[in-house]
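Residue numbers (numbering that gives the first Met the number 0), protein chains in the order written: chain A, 0 to 94; chain B, 0 to 978; chain C, 0 to 186; chain D, 0 to 415.
C-beta atoms are modelled at their ideal positions from N, C-alpha and C, and glycine is treated no differently.
Treat the numbers as computed from the prediction; the structure is a model and nothing was measured.
Since the structure comes first, as structure tokens, the remarks are kept for the end.
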Amino acid sequence: MIIQHPLLGPRDAAEFTYMGDAKLIDRPDWQSETAAQDFYAYGYLRDNPAGWHKELWFHEAGDRSWLVVTRNTVTHEISEVALARDVARARGRSK
Amino acid sequence: MTQRNRLASGGQINRDETLKFMFDGKSYQGHAGDTLASALLANGVRLMGRSFKYHRPRGVLTAGSEEPNALVELRGGSRQEPNTRATTAELYHGLLAKSQNRLGSLRFDLLSINDRLSNFLTAGFYYKTFMWPAAFWEKLYEPVIRHAAGLGSLSLKDDPDVYDKGFLHCDLLIIGAGPAGLAAALTAGRAGADVIIADEDFRMGGRLNSETFALGDNSGADWAAATVAELQSLSNVRVMPRTTIIGAFDHGIYGAVERISDHLKTPQEGKPRQILWRIYTRQTILAGGATERPIAFENNDRPGIMLASALRTYANRFAVAADRRVAIFTNNDDGHRTASDLHAKGVKISAVVDVRADAPRSLDYEVLHGEVIDTKGRLGLTFAEVRLADGSTRTLECGALGLSGGWNPNVHLTCHQRGRPTWNDDLAAFVPGSDLPAGMTVAGAANGDMSTTGALQGGRNAALSVLDLDNAPLDLPAAEDAPVVIKPFWYVEGCSRAWLDQQNDVTVKDVKLSHQEGFRSVEHLKRYTTLGMATDQGKTSNMGGLAIMAELAGKSIPEVGTTIFRPPYTPTAIGAFGGRHRGQEFHPTRLTPSHKWATEQGAEFVEVGNWLRAQWFPRAGEKTWRESVDREVLATRASVGVCDVTTLGKVDVQGTDAADFLNKIYCNGFAKLAVGKTRYGLMLREDGIAMDDGTAARLAEDHFVVTTTTANALPVYRHMEFVRQCLFPDMDVQLISTTEAWAQYAVAGPNSRRVLEKIVDQDISNDAFPFMACANITVCGGLRARLFRISFSGELAYEIAVPTEYGDALMRRIMQAGAEFDITPYGTEALGVMRIEKGHAAGNELNGTTTAQNLGMGRMVSKKKDSIGSTLSEREGLNRDDDLRQVGIKPVNPEKAVPAGAHLMAMGGPVDAAHDQGYVTSACYSPNLGHAIALGFLKNGSERMGERMRLVSPLTNVETEVEIVSAHFIDPEGERLRA
Amino acid sequence: MHDLKPVTALGGSEPRVDTFAHVTLSENDGLVLASVAARLGQEDRCHSVIAKMLGAVPGPGQAVLHDPETGFWMGPDQWMISAPKTSHPLLADDLKQRFGDAASITEQTGAWACFDLQGPGMVDVSERLCAAPVRRMQAGDAQRTVIHQLGCFVIRGADADHLRILGPRASAGTLHHALVTAAQSTA
Amino acid sequence: MRYSGFKVIKEALTGHKGWQPAWREPEPQSHYDYVIIGGGGHGLAAAYYLAKEYKQKRIAVIEKGWIGGGNVGRNTTIIRSNYLLDGNEPFYEFSLKLWEGLEQDLNYNAMISQRGILNLIHSDAQRDAFIRRGNAMILNGADAEMLTTKQIKARYPFLNTNDARFPIQGGLAQHRGGTVRHDAVAWGYARGADSNGVDIIQNCEVTGFRIENGKCLGVETSRGFIGATKVGCAVAGSSGRLMAKAEMRLPIESHVLQAFVSEGLKPVLPGVITFGAGHFYVSQSDKGGLVFGGDLDGYNSYAQRGNLPTVEDVCEGGMAIFPAFGRARLLRMWGGIMDMSMDGSPIIDRTHIDGLYFNGGWCYGGFKATPASGFCFAHLLANDAPHPTATAYRFDRFQKGLMIDEKGMGNQPNLH
């Protein structure tokens, strides 16, 4: 596969390490009353869609960026790639 | 030897170059430009192999890579290559080949008895029998079956050749160098595009080399040669003959195998046998041509029966008549071309048998309306029996019979990403479907354009379109443009032992039986009968099977569907996929900065991941490794030792939020760590299980150096970047892995300070540099260095680091400085002994299933802050009262060992899984205590100090009585550390 | 002044040179390296220091082949600076002075082995080594890539036939073996 | 119809006219006591044992495509019970025992061949871990033996012991491990289930569950509604897709695992062998092909195909230990979709929906589990209580922190 790195252009997916669903960015609040349930769902339950999937790839043999790749799990087509850091900020993560 | 079937003239062989070769111990001659198959045919050899199951005599069916029958063991010795297609093996001087899959000689194969038993050996017969008595399967039936099965043999010697891997980038990859591919390449090449054109054949041109018709004023072969020459002259075009595109992978990545040395007796020195190329391309034109298919009738598998197009190839390209008397059986006009070409070369055409009433007539030979219904000839065809349309029969004398059942476009690569071909009624064949791999266009015969003109135009137009060119289109030479005229015809009515898959011996009868037994989906058929599972992946057999299935099910062929074509396009040497990654080069080797020095000391080395670390340093007179390790341990604890610990991961953590960041990744607190101090840190995974441990040294307010275990350096760094970029993107923190930037040595033992005082440029007295201190320092009069007062051994100890390039010099200097204290270098074994004596957890304890609780560090998990893993670590299953706890274990009888991997059972209780109490993780002999010691996990272990237990290892026949003790065998109060 | 004597990445006292018909492979022992990572919120200040030092800020996939310092992009807001060992023995300290609190500086000299591959066969050799499109890269293009499973930087030099390869120092032997093998294979 | 040597001979002599279809092709009925979704190994085995061992009636297996078309027909055919953890080992040993009697039970030769499995050891830490595992196996009643390098070399003389990057230091053998003709397992169970009255309905896709008041009443299919008292799901790699129709999120990701076969070769490998310092394992089929595989491609996928880097990685592992395989040719590569669970272990459990049961999360270990999985799922369906060997395979183990993590890789499925 080829991942269109937002900064570096097309790079072989072999340079990357895969982690999983990009929802892992949405780490729950540890002080919430439902923290135990929230962390269980965060840690263990997956949508696992047959189709478009936002997922985390680490450019291990490249610039060490985590990327959010939007990829179809049936066809492997990739429609969008973004720096995970930007995505995380956009989803309200900070310090 | 004469080449009795070599035609007097013509062909693209070099008659001036005569090559000698051996087949089954007999010597023959051929010419440069021959394949093994063409050379054997030239010498009148039709019998080349035996079929898989019935051991039927077999000759060539094809003249290309789709060959199912003529498989040989090529070369000898360690280069023996089983299952090599004689049809693609280039002849070279001294070629050696043997026939295979036979018991006895090729002519008298004892296993041909199977053919007599064929009635018992029908499709799937083995599922119904060989079950009684049950024990006989492994002992009797299976060994017999295994020895009879298989095709060729491996030498079982290490492959002496090397294989390269490589990477190519282009705008346009053209697969196939027939008329379509060449026209596409010329168009794109002249327009300046970055083009790669690859063809599996050693001579580019595809069918142009096998046909007699002209392109403009030239022969097809000459036009191809001229075009290839022009392409080779263009710097933007890479011309790759002998290169098979084996697979179309995601996003325009193609696998290709280039055969560099297979046409040579042995590869040139330093050169690979083959190269596996990974080709990255934006666009692809598949111009892979088409494959002719046979027709099924009784005994249609005898040597001498082959595809009509193959007869033509042998005659036109190789100047070989497969036999001097040839018949043709066809359902389409193309079959007649073979007859006219062969006739023109003086071959006697016994007759052309055509299933069509309106077949073209010829003045030169007889055309019969009818069907071939049977053949004769034990080891080679002698007669073909024909049933004419009026019901009468005729016997044709012939040594070769050409079959033409129509052509299948080579759609394989279009299906590698699960695209499905679609049916074309005009061609009676599948053509590429609409769901092609992204960026792929198909042209020429592969796309169903079967005429030469159609192929040339298709190739040119495809190139213009994919490159979006509007320059003047290439002038194409005038060429034949005959339409496809075909009457679908798959098998002769009433036939039974009529071969569909010649290699696997699947007949029409088998397909019918399979249907009768309910194996009616195309995948069931394939799996039940093995149709299409031969080394040609069904290139010559699938269509016949589908057609029969369709008829039996009352469906059309497209309704029956196809099986899925899988990479590789043709079978590919496993060595090519392995490349240079074998032997010592399987994985990279990482050497520590003191490696050269350690080698000089005669160290034994051990693989730790990719690192090689000194395991121990034997001295003269030491007979066992234990003697060396015991000495190293005792000397270190008594005076001073030195050990290379460079392999521990090191991550530079800088930024104003560095301390907050460490608070997130470690379960214990770091915010309050003073500058100049080091702290032990335990890192959890988000699921609350211990991930790694190490130290973090605060070199400045905004600068930490974090260490990881050797094994986890990379995953921990990745995890830290995840936390930084994805979870806390607004923290001001920067991470750099610096594992290899610093040579780091542990100097341990009561005299370690006295050694280092001679090296370090500053005061390192206990007051100035107490336990857990860290600092940027200089050594040896000014070399920048780092010093950490940390200890894995439990002794007064330091870790000292200098830039890697000075590591060798520093080790020598430490040894020099320590000489007066008899400093002892120690390896990983002594390191392990000392850490077990001290009760430190390491990889065997941090095994991915243990919690801080299990490790006895439950209280370290701060509840006052949010850190990775803290919430999920509180789950009930991870906080049970009877949880495993790390304990120390010692044998009751000090002579006994306490082996790692043994399990703990209660005294007097049963020994079984239900009563398992725990297990030993790490074990060693403690020279300080004079007996074996171990660390382990025991249920509720912290409450069981002093308990005696049974330690059992039935696997290694060990049973020992042990006592549960504290894991801190040495200096439990830690006084030595602080000395 | 200390008296410790450094060794090259391949463990010798002198850099190693391997000569082939079409390329020369030279171990380069003369470089010092340090990385610069911009502090959060200090990116602009960091850029201006780099620009002042190199004349320009290397963008993604790029190097600035300035003299005496050279810099290339390593990752977002992160660069590697190299300079001759003779003129800049303490590069990391120099950079700390120059960047102040605008960037985090990390000494990297000891982390890398450096090889210069030069000659008419350079591109052919590179094609047997890595997926980086060396043939298409221009002078000053710098990419991280994988050679024999090792993460390496390849930088096209000012000379059209020159490629600089930085690889992990502990595996210098493996990297060198891979380079020599590819050179033999294409000779 | 009973298969026997006598029957084969009789049919051979009488033109094979007497062979009947191995299973019927019935039309679906409007209601069954049990509907099992998924005509793979696990679903067919569950139906077989439900009918035969638990004496249940009115059972249907419904399959989207053709039976045996999923992972049971695209794996590397290995059976073994060399597990470490208490939650797993008794289950897999139960499975191995069922394999040992399966052919007689089914009257179908699935070519179960206990030629042994050998895990090579390359480091001291690995040895410690394998000793612990071997002991766990023996303590659970399975067989295990530690072999020396010399013993291994005698059995596999062409193993690379000359210049191996990671020298072989021994191996853990399970002699009762081996291989099975995979397709025959699906067919044998299908034939057995059919002859015990189970309706096998192919080309019938489940499009939804009918759930009312927290109870599952049956399934909507491409061939209409089929009512059921109990619905069992056993669809492996499609688990996520199917259970989403019941609005369930699972602790599962679907990943592609590739497998490979070489051209046919005369016998070279007696048993199964796994490389402990790379991603490679191999056996040789009765037909002569080297059947081998390695690690997952690593990314979520429902495409039954993989990519080149994994192919190379696997073959590099192969060449590292068997340099003689360089001249054998890889014939075909394919991919299967693995239901990778969060701890690498399966789930056989009720769901929170009444009457809806789940069997999945088999990762790449589903094939060897087929008989016990079917047996235990049948037990659960029939009794509403877990089989004694499958009590740990619960949904709630993740919430409770009772993971069964053989590899210790945590909640990242592609690492198991």
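{"query": "Test: Met730/B CB closer than 8 Å to a CB of chain A", "result": "yes"}
{"query": "Leu9/C versus Thr18/C, Glu106/C, Pro88/C, Cys113/C, residue with shortest Cα-Cα distance", "result": "Cys113/C"}
{"query": "Short Cβ contact (8 Å threshold) for Thr534/B with Gln502/B", "result": "yes"}
{"query": "Ranges of the beta strand (DSSP E) found wholly within the region 215 to 283 of chain B, counting only runs of at least 3", "result": "236 to 239, 242 to 248, 252 to 258"}
{"query": "Rounded separation between Met948/B and Lys889/B - CA only", "result": "10 Å"}
{"query": "Start-to-end residues for the beta strand (DSSP E) that takes in Trp51/A", "result": "51 to 57"}
{"query": "Secondary structure of Val705/B, DSSP reduced to three states", "result": "strand"}
{"query": "Whole-number beta carbon distance between Phe429/B and Thr561/B, since they are thought to touch under 8 Å", "result": "7 Å"}
{"query": "Coil, strand or helix - Met0/B by DSSP", "result": "Low per-residue confidence applies at Met0/B: pLDDT is 49, beneath 50, and the placement is therefore not dependable, though the value from the model is reported in the following sentence. Reduced to three states, the DSSP call for Met0/B is coil."}
{"query": "Partner residues on chain A for Phe980/B, Cβ-Cβ distance less than 7 Å", "result": "The structure shown does not extend to residue 980/B, since chain B is modelled only from 0 to 978, so the question has no answer here."}
{"query": "Buried/exposed call for Lys25/B, threshold 16 Cβ in 10 Å", "result": "exposed"}
{"query": "For Trp422/B, the three-state DSSP class (helix, strand or coil)", "result": "strand"}
{"query": "Integer-rounded CB distance, given that Arg678/B should sit under 8 Å from Glu794/B", "result": "With 8 Å as the limit, Glu794/B and Arg678/B do not qualify as a contact, their Cβ atoms being about 19 Å apart."}
{"query": "Given 8 Å, three or more beta-carbon pairs between the region 654 to 668 of chain B and the region 732 to 744 of chain B", "result": "yes"}
{"query": "Cβ pair Pro898/B, Thr955/B closer than 8 Å", "result": "yes"}
{"query": "Met0/B at chain D interface by Cβ criterion, 8 Å", "result": "Low confidence applies here, because Met0/B scores a pLDDT of 49, under 50, leaving its location unreliable; read the following figure in that light. Answer no: the Cβ-Cβ gap between Met0/B and chain D never drops below 8 Å."}
{"query": "Three-way DSSP call (helix, strand, coil) for Trp489/B in this model", "result": "coil"}
{"query": "Nearest neighbour of Asp104/D, chosen from Arg190/D, Gly177/D, Glu62/D [CA to CA]", "result": "Arg190/D"}
{"query": "Residue burial classification, Val48/C (beta-carbon count within 10 angstroms, cutoff 16)", "result": "buried"}
{"query": "Contacts of Arg95/A in chain B (Cβ-Cβ under 8 Å)", "result": "Nothing can be reported for residue 95/A, as the shown portion of chain A is limited to 0 through 94."}
{"query": "8 Å Cβ cutoff met for Leu128/C and Ile154/C", "result": "no"}
{"query": "Which of helix, strand or coil DSSP assigns to Pro824/B", "result": "strand"}
{"query": "Test item: CB-CB of Phe38/A and Thr870/B under 8 Å", "result": "yes"}
{"query": "Distance CB(Ile120/D)-CB(Gly270/D) smaller than 8 Å", "result": "no"}
{"query": "Interface residues of the region 577 to 594 of chain B facing chain D [CB-CB below 8 Å]", "result": "Gly577, Gly578, His580, Arg581, Gly582, Gln583, Glu584, Phe585, His586, Thr588"}
{"query": "Touching by the beta-carbon criterion (3+ pairs, under 8 Å), the region 525 to 541 of chain B and the region 62 to 74 of chain B", "result": "yes"}
{"query": "Selection from Gly118/C, Gly29/C, Pro57/C that minimises the alpha carbon distance to Ser86/C", "result": "Gly29/C"}
{"query": "Contact check, Thr571/B vs Ile244/B, beta carbons under 8 Å", "result": "no"}
{"query": "Members of the region 798 to 822 of chain B near chain C, C-beta cut-off 7 Å", "result": "Pro802, Thr803, Glu804, Tyr805, Asp807, Ala808, Leu809, Arg812"}
{"query": "Residue-chain proximity (Ser221/D, chain A), Cβ-Cβ < 8 Å", "result": "no"}
{"query": "Partner residues on chain A for Thr870/B, Cβ-Cβ distance less than 7 Å", "result": "Trp29, Ala34, Ala35, Phe38"}
{"query": "Sequence ranges, beta strand (DSSP E) only - wholly within the region 285 to 355 of chain D, length at least 3", "result": "288 to 299, 328 to 340, 346 to 349"}
{"query": "Three-state secondary structure assigned by DSSP to Leu3/C", "result": "coil"}
{"query": "Neighbourhood of Asp985/B by C-beta, 7 Å cutoff - its chain only, sequence neighbours within 5 removed", "result": "Residue 985/B lies beyond the stretch modelled for chain B, which goes from 0 to 978, so this question has no answer here."}
{"query": "Residue-chain proximity (Glu204/D, chain E), Cβ-Cβ < 8 Å", "result": "The structure shown contains no chain E; its protein chains are A, B, C and D."}
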